[in-house]
Amino acid sequence: MAHQGSAVVVGVDYGTLSGRAVVVRVHDGAELGSAMHEYKHAVMDRTLDAHAGEVLPPDWALQVPADYIDVLKNAVPAAITAAGVDPADVIGIGTDFTACTMVPTTADGTPLCELEQFVGRPHAYVKLWKHHAAQGQADRINALAHERGEKWINRYGGFISSEWEFAKGLQLLEEDPEIYAAMDHWVEAADWIVWQLTGRYVRNACTAGYKGIYQDGAYPSEEFLEALNPDFARFVREKLDHEVGQLGHRAGALSAEAAAWTGLNKGIAVAVGNVDAHVSAPAANALEAGQMMAIMGTSTCHVMNGETLAEVPGMCGVVHGGIVEGSWGYEAGQSGVGDIFASYVANQVPGEYTEEADRRGISVHELLTERAADQQVGEHGLIALDWHSGNRSVLVDHELSGLVVGQTLTTRPEDVYRALLEATAFGTRAIVEAFDDAGVPVTELVVAGGLLKNAFLMQMYADVTHLPLSAIASEQGPALGSAIHAAVAAGAYPNVRVAAQAMGRRVVGAYIPDEIAAQRYDALYAEYKVLHDYFGRGGNDVMHQLKRIRREALTMQRKPVPPERPTIETDRTVSPAYAAGVFS
Ligand SMILES: Nc1ncnc2c1ncn2[C@@H]1O[C@H](COP(=O)(O)OP(=O)(O)O)[C@@H](O)[C@H]1O
Ligand SMILES: O=C(CO)[C@@H](O)[C@@H](O)COP(=O)(O)O
Numbered sequence: 088m089a090h091q092g093s094a095v096v097v098g099v100d101y102g103t104l105s106g107r108a109v110v111v112r113v114h115d116g117a118e119l120g121s122a123m124h125e126y127k128h129a130v131m132d133r134t135l136d137a138h139a140g141e142v143l144p145p146d147w148a149l150q151v152p153a154d155y156i157d158v159l160k161n162a163v164p165a166a167i168t169a170a171g172v173d174p175a176d177v178i179g180i181g182t183d184f185t186a187c188t189m190v191p192t193t194a195d196g197t198p199l200c201e202l203e204q205f206v207g208r209p210h211a212y213v214k215l216w217k218h219h220a221a222q223g224q225a226d227r228i229n230a231l232a233h234e235r236g237e238k239w240i241n242r243y244g245g246f247i248s249s250e251w252e253f254a255k256g257l258q259l260l261e262e263d264p265e266i267y268a269a270m271d272h273w274v275e276a277a278d279w280i281v282w283q284l285t286g287r288y289v290r291n292a293c294t295a296g297y298k299g300i301y302q303d304g305a306y307p308s309e310e311f312l313e314a315l316n317p318d319f320a321r322f323v324r325e326k327l328d329h330e331v332g333q334l335g336h337r338a339g340a341l342s343a344e345a346a347a348w349t350g351l352n353k354g355i356a357v358a359v360g361n362v363d364a365h366v367s368a369p370a371a372n373a374l375e376a377g378q379m380m381a382i383m384g385t386s387t388c389h390v391m392n393g394e395t396l397a398e399v400p401g402m403c404g405v406v407h408g409g410i411v412e413g414s415w416g417y418e419a420g421q422s423g424v425g426d427i428f429a430s431y432v433a434n435q436v437p438g439e440y441t442e443e444a445d446r447r448g449i450s451v452h453e454l455l456t457e458r459a460a461d462q463q464v465g466e467h468g469l470i471a472l473d474w475h476s477g478n479r480s481v482l483v484d485h486e487l488s489g490l491v492v493g494q495t496l497t498t499r500p501e502d503v504y505r506a507l508l509e510a511t512a513f514g515t516r517a518i519v520e521a522f523d524d525a526g527v528p529v530t531e532l533v534v535a536g537g538l539l540k541n542a543f544l545m546q547m548y549a550d551v552t553h554l555p556l557s558a559i560a561s562e563q564g565p566a567l568g569s570a571i572h573a574a575v576a577a578g579a580y581p582n583v584r585v586a587a588q589a590m591g592r593r594v595v596g597a598y599i600p601d602e603i604a605a606q607r608y609d610a611l612y613a614e615y616k617v618l619h620d621y622f623g624r625g626g627n628d629v630m631h632q633l634k635r636i637r638r639e640a641l642t643m644q645r646k647p648v649p650p651e652r653p654t655i656e657t658d659r660t661v662s663p664a665y666a667a668g669v670f671s
């Protein structure tokens, strides 16, 4: 298809803590400039900082939609300046988001948290993907789906996640019915941002399928929803159902308002929304069956196309057109990966490590990795479970938690750090094996995301999985993927596959398994599997019990508002649902 050599597109990647914009040349995918903008309110997981600092219950994670608009206002113009291009050469914009990240809105798309009367209500805010407080609702959805023999449940590996649209929606109904009643649309942030760009609400095939239980053109039935909770019966009809757009299609034209925010021309193409993980596969030009993309950052998402439909136990889902139009897209994931390393570095590493890292001008991650790399496989005598943020695949249980076995009086921080790195690699191997066993073989691991920079970790993943590992040749994988979708939406390419060949790229076989290390990891993996099945499949319920006891303790304490916020009324010190004791 004809397009001018100077034509560029903009891709915007909405991550957990920031949004990144990249300007990409249409004919070859060259990245000309980029910019990042951090969300002012980051993730609100302890207190409702956007209002008066009310204490949030455990496992909550909220965001503020206005922070997403700030990315359009700041990162997009900055990326255009960095690229040195004329905004008039931009022919389209595409976006991707974390998911399932949900915004409750009025009929015109106004987030409920922006209404005066709801600013102090936690349920009026965005529920971020890692809001894990709807596990009780997810458990009920799963039990009922199996009891009624709902066909769709096996498209999700047998489990609907607490992270997804139905569990979070049911939690909203049951804990704050007034907000639920005021909500006209329960919108994926991936679609909300496209709505803000175009003035048109279009759901995208990716989140509708993976997160919204939309299969073969239908959602779960009203009878099913009514059996969950009679007030939930019309959830699909009244709050969720809307036109679904295919990935790479044009959602609409850039509105005058969004043109003013971004500095781009009104009327350019805006692509249908997408998810950070799925959009990365075209960016690595890894769209063939067997090429499993692992997008490794805060969490890891695994996405892979397949030629046929298979039911993989514990996968997140399989959706037709979920990665590219026309193919079965599979997704699995690990809820915590970089997050686990970050939490360890922030809370468990002695000051002398930080001082040494500072002195040498490296990060604590790099220091710990360097020391961890300087030992034989198994030398630390440890096995860890990577469930600090719960387990997404293959157990689909966010009431699970982390574990390190084998610590002694001589265990050092780098030992535990290495065990945590290994635990996440073992978690990926468990996912790869689930796909292999279900007849969807994985032949290549293609990595994108922030963790690519840790070469020791990458070699470990190749060794542990016994797979050749390719590396995406972009530091902005999702944003590049969004730019590819923008190019297709603008008509520069006939479809995403063709665009990916011209604009996407990866280094094939960047890491090859070391046979000796791989064999030694096999022995550790065998022990990991024992612990995995024991704690994760009902052998020992201690992790669930600890979460329950913690919730009880927190409910009893009713934590006071910090003293520096003296003006807050006492009835606002906890969320209404929390005060009502519904979290006990
Ligand atoms: N050298 C490192 N080794 C391992 N993990 C790292 C290293 N540097 C940063 N991290 C982790 O990478 C994660 C950020 O990854 P990134 O892809 O940038 O973010 P996101 O997933 O939000 O897009 C953080 O959780 C951090 O702990
Ligand atoms: O779950 C998905 C996609 O399905 C991700 O959006 C979610 O894990 C967040 O990813 P990041 O770790 O922020 O890149």
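Going by my numbering, the sequence shown opens with residue 88, and the numbers climb by one from there. Backbone N, C-alpha and C define an ideal beta-carbon position, used for all residues, glycine too.
Practice prompt. Below 6 Å CB to CB, which residues in the same chain sit around P565 once its five sequence neighbours on both sides are set aside?
Written response: The residue you call residue 565 lines up with position 478 of the sequence shown. Exclusion of the five residues before and after P565 leaves D100, D183, D363, V366, S367 as the residues of its chain whose Cβ lies within less than 6 Å of its Cβ.
Worksheet item: Taking C-alpha atoms, which residue in V617, G299, V585, A579 lies nearest to D176?
Response: Taking the sequence shown and counting its residues from 1, the one referred to as residue 176 is at position 89. Taking only the C-alpha atoms, the option nearest D176 is A579.
Fill in: Three-state secondary structure assigned by DSSP to T193
The residue you call residue 193 lines up with position 106 of the sequence shown. Correct three-state label for T193: coil.
Fill in: Residue nearest to Y417 in terms of C-alpha spacing, selected from H452, A381, F319, E614
In the sequence shown, residue 417 corresponds to position 330, counting from 1. Out of H452, A381, F319, E614, A381 has the C-alpha closest to the C-alpha of Y417.
Discussion item. Can you tell me whether Y440 is helix, strand or coil according to DSSP?
Written reply: Numbered from 1 along the sequence shown, position 353 holds the residue referred to as residue 440. The answer is helix: DSSP assigns Y440 an H, G or I state.
Item to complete: Select from R458, F513, S480, T497 the residue whose C-alpha is nearest the C-alpha of G468.
Response: In the sequence shown, residue 468 corresponds to position 381, counting from 1. Answer by Cα proximity: T497.
Practice prompt. Please list, in chain order, all residues of the same chain as V95 whose beta carbon is under 8 Å from its beta carbon, the five residues on each side excluded.
Written response: The residue given as residue 95 occupies position 8 in the sequence shown. These residues qualify, in order along the chain: V110, V111, R112, V113, L119, A170, V172, D176, V177, I178.
Fill in: Distance, V151 Cα to E261 Cα
Position 174 of the sequence shown, counted from the start, is the residue given in the question as residue 261. Position 64 of the sequence shown, counted from the start, is the residue given in the question as residue 151. Each residue's alpha carbon lies about 22 Å from the other.
Item to complete: Identify every residue that forms a DSSP beta bridge with G106.
Response: Here residue 106 is taken as the residue at index 19 of the sequence shown, counted from 1. Beta-bridge pairing links G106 to Y101, H124.
Discussion item. Quick check: what's the CA-CA separation for R592 versus G409?
Written reply: For the purposes of this step, residue 592 is taken as the residue at position 505 of the sequence shown. For the purposes of this step, residue 409 is taken as the residue at position 322 of the sequence shown. Rounded to whole angstroms, R592 to G409 spans 20 Å at the Cα level.
Worksheet entry | Exposure label - G547; buried when at least 16 CB within 10 Å | Within the sequence shown, residue 547 is the residue found at index 460, counting from 1. For the sequence presented, residue 547 should be read as Met rather than Gly. Residue burial is scored here from C-beta neighbours: M547 has at least 16 other C-beta atoms within 10 angstroms and is therefore classed as buried.
Worksheet item: For Y615 versus I427, is the C-beta distance shorter than 8 Å?
Response: The residue given as residue 615 occupies position 528 in the sequence shown. The residue given as residue 427 occupies position 340 in the sequence shown. No, the Cβ-Cβ distance between Y615 and I427 is not below 8 Å.
Item to complete: Would you tell me roughly how many angstroms separate the C-alpha atoms of P650 and V206, rounded to the nearest one?
Response: By 1-based counting over the sequence shown, the position of residue 650 is 563. By 1-based counting over the sequence shown, the position of residue 206 is 119. In this prediction, P650 has a pLDDT of 45, which is less than 50 and means its spatial position is unreliable; what the coordinates show is noted afterwards. Rounded to whole angstroms, P650 to V206 spans 21 Å at the Cα level.
Worksheet item: Since W282 is in the alpha helix (DSSP H), which residue starts that stretch and which ends it?
Response: Start at 1 with the first residue of the sequence shown, and residue 282 comes out as number 195. Residues 276-285.
Worksheet item: Mind checking whether I247 and A232 have CB atoms under 8 Å apart?
Response: Looking up residue 247 in the sequence shown gives position 160. Looking up residue 232 in the sequence shown gives position 145. A contact, by the Cβ cut-off of 8 Å.
Discussion item. On the DSSP letters alone, give me the boundaries of the beta strand (DSSP E) that H389 sits inside.
Written reply: One-based indexing of the sequence shown puts residue 389 at position 302. It spans 387-393 - the beta strand (DSSP E) in which H389 sits, taken as one unbroken run.
Worksheet item: So which of T552, T285, A108 has the shortest CA-CA distance to I72?
Response: Outside the displayed span of the chain (88 to 671) sits residue 72, for which this structure offers no information.
Discussion item. Helix, strand or coil for K616? Go by DSSP, reduced to three states.
Written reply: The residue you call residue 616 lines up with position 529 of the sequence shown. In this structure, K616 counts as helix in the three-state DSSP scheme.
Practice prompt. With hydrogens ignored, establish whether the beta-carbon of L104 is closer than 7 Å to any heavy atom of ligand 1.
Written response: Within the sequence shown, numbered from 1, the residue matching residue 104 stands at position 17. Checking every heavy atom of ligand 1 against the Cβ of L104, one is found closer than 7 Å.
Discussion item. Please state whether the Cβ-Cβ distance between L39 and H572 is less than 8 Å.
Written reply: With the chain covering only 88 through 671, there is no way to say anything about residue 39.
Worksheet item: Leaving out the 5 sequence neighbours to the left and right, which residues in its chain are closer than 8 Å to A610 when beta-carbon positions are compared?
Response: Locating residue 610 in the sequence shown gives position 523, counting from the first residue. G465, listed in sequence order.
Worksheet entry | Any non-hydrogen atom of ligand 1 closer than 7 Å to L556 Cβ | Within the sequence shown, residue 556 is the residue found at index 469, counting from 1. L556 Cβ: outside cutoff for every heavy atom of ligand 1.
Worksheet item: According to DSSP, what are the bridge partners of F184?
Response: For the purposes of this step, residue 184 is identified with residue 97 of the sequence shown, where counting begins at 1. Paired residue(s): Y101, V362.
Worksheet entry | Which residues DSSP lists as bridging E141, in chain order | As a working mapping, residue 141 is identified with position 54 in the sequence shown. Answer is L135, bridged to E141.
Worksheet entry | Alpha-carbon to alpha-carbon, I603 and K214 | Here residue 214 refers to the residue found at position 127 of the sequence shown. Here residue 603 refers to the residue found at position 516 of the sequence shown. Spanning the two alpha carbons is a distance of roughly 45 Å.
Discussion item. I want to know whether the segment 321-330 touches the segment 533-552 - three or more CB-CB distances under 8 Å.
Written reply: no
Worksheet item: Does DSSP put F622 in a helix, in a strand, or in coil?
Response: Your numbering for residue 622 matches position 535 in the sequence shown. The answer is helix: DSSP assigns F622 an H, G or I state.
Item to complete: Pick helix, strand or coil for W147, following the three-state DSSP scheme.
Response: Along the sequence shown, one-based indexing puts residue 147 at 60. W147: coil per DSSP, three-state reduction.
Item to complete: Report the rounded CA-to-CA distance for F522 versus V529, giving the unit in angstroms.
Response: Residue numbering aside, residue 522 sits at position 435 when the sequence shown is read from its first letter. Residue numbering aside, residue 529 sits at position 442 when the sequence shown is read from its first letter. Each residue's Cα considered, the two are about 7 Å apart.
Discussion item. Can you tell me whether V575 is helix, strand or coil according to DSSP?
Written reply: Along the sequence shown, one-based indexing puts residue 575 at 488. Three-state result, V575: helix.
Fill in: Segment contact flag, the segment 251-259 with the segment 214-227, C-beta cutoff 8 Å, min 3 pairs
yes
Worksheet item: Using DSSP with H/G/I as helix, E/B as strand and the rest coil, what is G92?
Response: In the sequence shown, the residue the question calls residue 92 occupies position 5. Three-state result, G92: coil.
Worksheet item: Per DSSP, D426 forms a beta bridge with which residues?
Response: Position 339 of the sequence shown holds residue 426. For D426, DSSP records no beta bridge to any residue.
Worksheet item: By DSSP, does E486 sit in helix, in strand, or in coil?
Response: The sequence position of residue 486 within the sequence shown is 399, counting from 1. Coil.
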